[in-house]
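A.B. asks:
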């Protein structure tokens, strides 16, 4: 008789499932399309030439920002169909018939998608970063901070998308998370200033802070602007906040999924 | 009594942390910093005139770059020319004597090529008909910059450290509603208390307001406005001299200016110093005016205007 | 045949209207347009260029992405749900089937545009701006031609690639169209003889969607008049050639696909 798999083993199995699904559905094609786009861009730049340090910095900023956006977008698309897809295709039931808790299943999905997202981030990031000549000064510590925060940002995106995918159709999940990704920071800023001057302003400001702020975890422009790295406390604070948001979304998703009638 | 499961306990702990998180998030603003290459006017001008920028059309990542493109397009009725506008085109009468320069920039190429240089045949013909386009040899028709105001407003909301958004935006706004312009530039000062150019612009707006008034009937008001202008010019000159690199010497040609201290900054600093001294002389204390002129000249020499003031004021 | 075509088109339209995603896109875009309209620009109401430009951009991007997603989903969905077999058992030719699908997607695009146009017109009038009626009508017409190209291209892509890849390529093609035109114009001078040949071929065989975009002209309407009849006819012909070519390619792949 074989012993029941432990939770980490089950998570690894689910995680592997995410990757097999990724290859089977040819999602890798989308990544290849983006890589092709970067390749075309690099070729065009090589033909036209960069010319001056300012343009090199501009290209670096553009490439890294695109990487940040594409990595989040691909992760969002991947995560948004994980559980609804398994429910539609009825592949979820045999999985849950195994000695596997729903909690483990969900965490496995989150780990798998986060790893996939980080791999996309690193692949596109390298293609964007390597070919651009570094003609101005950029801070290496800040680059490392940027990388770590992008990883946390992807993990947060996965957790919130998983949560939303349990309660809304895929299209709505993509639209809502897409808006939060692109405009979350602006919405928080604009919302926080809604009742400027009023006694309720503090409350409104507080409430808007509950939205996940992906733009605060994106330090690309700070990096290409040649600004100093974040202080230790600022960096730890950002890591801590994204970890709290991720943990909360994941715990809530587990709770919703536990109660969901399948 | 029913026992709580570990996942419920984790959820409660996560919820408590999440509810308390604004304590941290409200203190974290990693992208709220002053300066930086993306906002620098010298850098911006170079990167937006590059071949890569032409290829990208209107795709830009920074607020400063986007407003640069919009300004070029809006002032030319939507026609996409190779970037060529200078600071003087954006703030037409921002020179010490208040007289603007007019230059039609005829000959600046358009991004859509002419029939003679276009390889695309019929596609090129359609492109020129569909988009706002005029032959580049024709004189440029500059429109009112006031339609750009929404862009400046939006950009300063998106990036409150974008100083030029405040200075140029308030300059356009001054022509329509000076009170609103003062309100806008004061918001710029609040968000950028160390940026000398916002004080200089506020001083200019007060100073310009005096021109609209009748010296005989509204003398008191003119005096008050000039005193306000003077205070802002003096503050601007003090902050500008602090910001200007210590070993900086004026280059011989505009092309030799660097990112560290560009032509626009130098002009604004000299403008603030000259007008600060002039208004102190007229509406304040002559001795203090002399003291200021000498202090400024140590850093800004050679400066004919300041030297003339010293000659006038010296006993 | 027209009845069959209409029945297929109607089912696509009903499905599109029933799907919450389309409403979500329209709702979000409308909210975006209304919020642009609602921003207080120093209490100055007559500044409408910014509103016009932003609203036209939102309208175009939202409709374009809706069309790409909707069109790319049509055929794979029929195969996945196996509804294609029931349909093909009826006396409907594949051409009628595909044309009906295309017509349906175009009706959905027109529905989206109609909603946005109402919001746009109300917004412009509320802000006190003038509406260049002829130019605006030309803009909407040319945008619908863009949607026709996008829909037929998406049909073809969805028959060749998996759904996500089809949507990604369709969206990138739409969003980067203007940049492609810029790049080909600019790097032509840098290229050698072979490079120039490739750029020339690319310029003619890839639809230049920027030719069908009158948004800049509409934004700066006080300086530019409506297009003349010849230009509009040329643009219509240009768009129809590409739409027909992509439709034929989609048809070819659809025929090759085993049921």
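Residue numbers (our numbering), protein chains in the order written: chain W, 83 to 344; chain B, 2 to 316; chain P, 332 to 590.
We treat Cβ as the ideally placed atom computed from N, Cα and C, and that holds for glycine.
Report the rounded CA-to-CA distance for residue 243 of chain B versus residue 296 of chain B, giving the unit in angstroms.
C.D. replies: Taking the straight line from one Cα to the other gives about 13 Å.
A.B. asks: Three Cβ pairs or more, each shorter than 8 Å: is that satisfied between the region 294–302 of chain W and the region 224–241 of chain W?
C.D. replies: Touching, per the Cβ criterion.
A.B. asks: Can you tell which of B:211, B:210, B:212, B:186 has its C-alpha closest to the C-alpha of residue 201 of chain B?
C.D. replies: Cα-wise, what sits closest to residue 201 of chain B is B:186.
A.B. asks: Return no unless some Cβ of chain B is closer than 7 Å to the Cβ of residue 510 of chain P.
C.D. replies: Yes - at least one Cβ of chain B is within 7 Å of the one on residue 510 of chain P.
A.B. asks: Rounded to a whole number of angstroms, what is the C-alpha to C-alpha distance between residue 422 of chain P and residue 542 of chain P?
C.D. replies: Looking at the two C-alpha atoms, the distance is approximately 40 Å.
A.B. asks: Would you please verify whether the beta carbon of residue 304 of chain W is less than 7 Å from any beta carbon of chain B?
C.D. replies: Yes - at least one Cβ of chain B is within 7 Å of the one on residue 304 of chain W.
A.B. asks: Using the Cα positions of residue 292 of chain W and residue 326 of chain W, report the straight-line distance between them to the nearest angstrom.
C.D. replies: Using only the alpha carbons, I get a separation of about 11 Å.
A.B. asks: Does the beta-carbon distance from residue 71 of chain B to residue 134 of chain B come in below 7 Å?
C.D. replies: Not a contact, by the Cβ cut-off of 7 Å.
A.B. asks: Which residues does DSSP list as the beta-bridge partners of residue 82 of chain B?
C.D. replies: According to DSSP, which records beta bridges pairwise, residue 82 of chain B is partnered with B:111.
A.B. asks: Measure from the C-beta of residue 254 of chain W to each C-beta in chain P and report whether the shortest distance is under 7 Å.
C.D. replies: By this cut-off, residue 254 of chain W is an interface position.
A.B. asks: Under 8 Å, CB to CB, which of the residues in the region 348–378 of chain P have a partner in chain B?
C.D. replies: For the region 348–378 of chain P, which is checked against every Cβ of chain B, the residues closer than 8 Å are 370, 372, 373, 374, 375, 378.
A.B. asks: Taking only beta carbons into account, state which residues of the region 122–137 of chain B come closer than 9 Å to chain P, listed in chain order.
C.D. replies: Per Cβ criterion, the list reads 122, 123, 124, 125, 126, 127, 128, 130, 131, 132, 133.
A.B. asks: Please confirm if the region 430–446 of chain P is in contact with the region 509–525 of chain P, defined as three or more CB-CB distances below 8 Å between the two stretches.
C.D. replies: Counting Cβ pairs under 8 Å, fewer than three are found: no touch.
A.B. asks: When you compare only the Cα positions, how much space is there between residue 300 of chain B and residue 212 of chain B?
C.D. replies: Distance between the alpha carbons of residue 300 of chain B and residue 212 of chain B is about 31 Å.
A.B. asks: Skipping 5 residues on each side, what residues in its chain have a beta carbon closer than 8 Å to that of residue 300 of chain P?
C.D. replies: An answer regarding residue 300 of chain P cannot be provided, because it is not within the stretch 332 to 590 covered by chain P.
A.B. asks: Report back the beta-carbon spacing between residue 335 of chain W and residue 241 of chain W to the nearest angstrom; my notes put them in contact at under 8 Å.
C.D. replies: Correct: roughly 7 Å between the Cβ atoms.
A.B. asks: When the Cβ atoms of the region 334–351 of chain P are set against those of the region 118–138 of chain B, are three or more pairs found closer than 8 Å?
C.D. replies: Because the criterion of three Cβ pairs below 8 Å is not met, the region 334–351 of chain P and the region 118–138 of chain B do not touch.
A.B. asks: Quick one: list the residues of chain P neighbouring residue 120 of chain B, beta-carbon separation under 7 Å, in chain order.
C.D. replies: Those are 519, 531, listed as they occur along chain P.
A.B. asks: Check distances from the C-beta atoms of the region 377–395 of chain P to those of chain B and list, in chain order, the residues that come in under 7 Å.
C.D. replies: Listed in sequence order: 378, 380, 381.
A.B. asks: Out of W:134, W:89, W:314, W:331, which has the shortest C-alpha to C-alpha gap to residue 226 of chain W?
C.D. replies: Of W:134, W:89, W:314, W:331, the residue nearest in Cα terms is W:314.
A.B. asks: What does the Cβ neighbour count give for residue 93 of chain W, buried or exposed, with the cut at 16 atoms within 10 Å?
C.D. replies: When all chains shown are included, residue 93 of chain W counts as buried.
A.B. asks: Taking 8 Å as the threshold, find out whether the region 406–426 of chain P comes into contact with the region 503–519 of chain P through three or more Cβ pairs.
C.D. replies: Too few Cβ pairs lie closer than 8 Å, so no.
A.B. asks: Would you mind giving the Cβ-Cβ distance between residue 399 of chain P and residue 502 of chain P, rounded to the nearest angstrom? I have them listed as a contact below 8 Å.
C.D. replies: Right, the Cβ-Cβ distance comes to about 5 Å (below 8 Å), so this counts as a contact.
A.B. asks: If we cut at 7 Å on Cβ distances, does residue 26 of chain B have a partner in chain W?
C.D. replies: So yes, residue 26 of chain B belongs to the interface.
A.B. asks: Are the region 203–210 of chain B and the region 232–251 of chain B touching, with three or more C-beta to C-beta distances below 8 Å?
C.D. replies: Verdict: yes, contact present.
A.B. asks: Could you tell me whether the region 260–272 of chain B touches the region 41–49 of chain B, using the rule of 3 or more Cβ pairs below 8 Å?
C.D. replies: A contact exists between the region 260–272 of chain B and the region 41–49 of chain B.
A.B. asks: With burial defined as no fewer than 16 other Cβ atoms inside 10 Å of the residue's Cβ, what is the status of residue 570 of chain P: buried or exposed?
C.D. replies: Under this definition residue 570 of chain P is a buried residue.
A.B. asks: In chain W, which residues lie with their C-beta within 8 Å of the C-beta of residue 318 of chain B?
C.D. replies: There is no way to answer for residue 318 of chain B, as the model of chain B reaches only from 2 to 316.
A.B. asks: Going straight from the alpha carbon of residue 98 of chain B to that of residue 198 of chain B, what length do you get?
C.D. replies: At residue 98 of chain B the pLDDT is 38, less than 50, meaning the model places this residue with poor confidence and gives no usable figure here.
A.B. asks: Quick check on residue 114 of chain W: buried or exposed, where buried means 16 or more other Cβ atoms within 10 Å of its Cβ?
C.D. replies: When all chains shown are included, residue 114 of chain W counts as exposed.
A.B. asks: Could you say which of W:142, W:251, W:247 lies nearest to residue 213 of chain W if we only look at CA atoms?
C.D. replies: That would be W:142, whose Cα lies nearest to the Cα of residue 213 of chain W.
A.B. asks: Alpha carbon to alpha carbon, how far is residue 357 of chain P from residue 254 of chain W?
C.D. replies: Each residue's alpha carbon lies about 12 Å from the other.
A.B. asks: Give the DSSP-derived three-state secondary structure of residue 163 of chain B in the structure shown.
C.D. replies: Three-state DSSP puts residue 163 of chain B in coil, outside helix and strand.
A.B. asks: Is the shortest distance between the beta-carbon of residue 337 of chain W and the beta-carbons of chain B less than 7 Å?
C.D. replies: By this cut-off, residue 337 of chain W is an interface position.
A.B. asks: Looking at C-beta atoms only, is the number of pairs between the region 563–581 of chain P and the region 474–491 of chain P that lie closer than 8 Å three or more?
C.D. replies: Taking 8 Å as the limit for Cβ pairs, the verdict is that the region 474–491 of chain P does touch the region 563–581 of chain P.
A.B. asks: Which one of B:183, B:45, B:303, B:131 has the shortest CA to CA distance from residue 253 of chain B?
C.D. replies: When each option's Cα is compared against that of residue 253 of chain B, the closest is B:303.
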